[in-house]
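The structure appears right after this line, and notes come after that.
Residue numbers (our numbering), protein chains in the order written: chain G, 1 to 154; chain D, 1 to 137.
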């Protein structure tokens with residue numbers, strides 16, 4: 001019996017080490033891919049901040065973003081996240097100096113609706129009615145942002 | 001916060017998550033967890049075969065859950081509106097570890113976002129299942 005258990009133990013251990021190694025290798029690969037998106041987006045936004053266009057875009061979205069209690073510039077992170085992915089949105093949002101409340105409202109909007117180019121394609125392959133799913137995600141992300149902004153005392 | 005700190009945080013999210021995913025695969029943990037959510041998922045309108053791709057997607061993302069669903073769908077085990085219901089739930093709520101950790105790393109209160117997404121997806125999908133007549137089969 002003792003021998004039996006020790007074989008089981010080493011088998012479980014071997015499986016664990018194997019999955020940890022594979023996971024680390026894949027994770028590092030994914031991280032490199034994401035860096036390839038985040039670094040250019042961050043540099044682009046940093047450059048944009050030096051120009052008048054940044055303030056112009058912020059002002060343009062300000063009337064809309066007000067309903068979510070967000071600064072106009074948050075729209076840039078939301079649009080980036082909706083089209084590209086959450087990591088690109090994070091690279092935009094990271095230096096916007098928002099409050100915890102504002103970051104949470106933005107996170108909820110982005111959480112419900114993000115990576116729409118890629119994820120709509122996946123839903124299409126699933127035969128999951130991509131147009132309805134994508135439309136409902138966008139609608140509920142806006143409703144969610146409105147509700148959280150209203151429900152959360154500022 | 002700056003770019004380097006953000007990249008460090010993303011590394012600390014992505015690498016452990018991929019390790020977790022491999023461990024879940026190796027020990028077939030999603031298989032074991034399907035039994036836990038079978039009843040609530042059934043009440044919402046999901047059939048037995050839909051539960052594995054649903055759970056895989058909610059935990060590890062729409063690509064992973066979707067990939068599983070495409071395989072099951074090709075094999076004829078998931079049909080018609082069940083595919084839509086899984087896609088709708090996953091559209092509103094997926095990758096709960098990954099997304100929540102990204103939001104926390106940005107300074108958001110992750111549990112608020114997570115709870116909202118789970119409740120929203122559950123209500124919307126239950127309503128849709130009722131509307132489509134998928135609940136009483």
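Ideal Cβ positions, reconstructed from N, Cα and C, are used throughout, including at glycine.
Looking only at C-alpha atoms, which of the options sits nearest to residue i?
i, options, result
"residue 151 of chain G", "G/51, G/69 and G/75", "G/69"
"residue 11 of chain D", "D/127, D/107 and D/102", "D/102"
"residue 37 of chain G", "G/85, G/15, G/21 and G/75", "G/85"
"residue 43 of chain G", "G/29, G/126 and G/91", "G/91"
"residue 66 of chain D", "G/146, G/125 and G/57", "G/125"
"residue 34 of chain G", "G/149, G/88 and G/148", "G/88"
"residue 16 of chain D", "G/141, G/28 and G/49", "G/28"
"residue 129 of chain D", "D/43, D/110, D/69 and D/113", "D/43"
"residue 147 of chain G", "D/112, D/135 and D/127", "D/112"
Thinking C-beta only, is residue j closer than 8 Å to residue i?
i, j, result
"residue 87 of chain D", "residue 144 of chain G", "no"
"residue 13 of chain D", "residue 19 of chain G", "no"
"residue 8 of chain D", "residue 93 of chain G", "no"
"residue 54 of chain D", "residue 30 of chain D", "no"
"residue 92 of chain D", "residue 132 of chain D", "no"
"residue 1 of chain D", "residue 95 of chain G", "yes"
"residue 26 of chain D", "residue 49 of chain D", "no"
"residue 62 of chain D", "residue 90 of chain D", "yes"
"residue 65 of chain G", "residue 77 of chain G", "no"
"residue 116 of chain D", "residue 136 of chain G", "no"
"residue 108 of chain D", "residue 41 of chain G", "no"
"residue 69 of chain D", "residue 39 of chain G", "no"
By Cβ distance below 6 Å, which residues in the same chain neighbour residue i in space, the five residues on each side in sequence not counted?
i, result
"residue 138 of chain G", "113"
"residue 41 of chain D", "51"
"residue 2 of chain G", "Interpretation of residue 2 of chain G is limited by its pLDDT of 49, a score under 50 that renders its predicted location unreliable; no figure is taken from the coordinates."
"residue 95 of chain D", "61"
"residue 58 of chain G", "72 and 73"
For residue i, collect the residues of the same chain with a Cβ closer than 8 Å to its Cβ; drop the 5 residues on either side in sequence, then sort them by chain order.
i, result
"residue 123 of chain G", "129, 130, 133 and 134"
"residue 6 of chain D", "105"
Check whether chain D comes within 8 Å of residue i, counting only Cβ atoms and requiring the distance to be less than that.
i, result
"residue 26 of chain G", "yes"
"residue 137 of chain G", "yes"
"residue 108 of chain G", "yes"
"residue 125 of chain G", "yes"
"residue 66 of chain G", "no"
"residue 2 of chain G", "With a pLDDT of 49 at residue 2 of chain G, under the threshold of 50, the modelled position of this residue cannot be trusted; read the value that follows with caution. It does not; no Cβ of chain D falls within 8 Å."
"residue 122 of chain G", "yes"
Whole angstroms is fine: what's the gap from residue i's alpha carbon to residue j's?
i, j, result
"residue 52 of chain G", "residue 57 of chain D", "42 Å"
"residue 106 of chain G", "residue 100 of chain G", "10 Å"
"residue 46 of chain G", "residue 79 of chain D", "48 Å"
"residue 45 of chain D", "residue 99 of chain D", "26 Å"
"residue 98 of chain G", "residue 110 of chain G", "15 Å"
"residue 37 of chain D", "residue 28 of chain D", "15 Å"
"residue 18 of chain D", "residue 67 of chain G", "37 Å"
"residue 125 of chain D", "residue 85 of chain D", "6 Å"
"residue 79 of chain G", "residue 118 of chain G", "14 Å"
"residue 56 of chain G", "residue 71 of chain G", "13 Å"
"residue 39 of chain D", "residue 33 of chain D", "12 Å"
"residue 32 of chain G", "residue 114 of chain D", "27 Å"
"residue 54 of chain G", "residue 62 of chain G", "12 Å"
"residue 74 of chain D", "residue 14 of chain G", "34 Å"
"residue 120 of chain G", "residue 64 of chain D", "14 Å"
"residue 118 of chain D", "residue 50 of chain G", "40 Å"
"residue 153 of chain G", "residue 24 of chain G", "42 Å"
"residue 60 of chain G", "residue 76 of chain D", "50 Å"
Give a yes or no on whether the minimum CB-CB distance between residue i and chain G is below 8 Å.
i, result
"residue 22 of chain D", "yes"
"residue 135 of chain D", "no"
"residue 87 of chain D", "yes"
"residue 84 of chain D", "yes"
"residue 44 of chain D", "no"
"residue 113 of chain D", "yes"
"residue 132 of chain D", "no"
"residue 3 of chain D", "yes"
Ordered along the chain, which non-local residues of its own chain (more than five positions away) have a Cβ less than 7 Å from that of residue i?
i, result
"residue 82 of chain G", "113, 114 and 116"
"residue 47 of chain D", "82"
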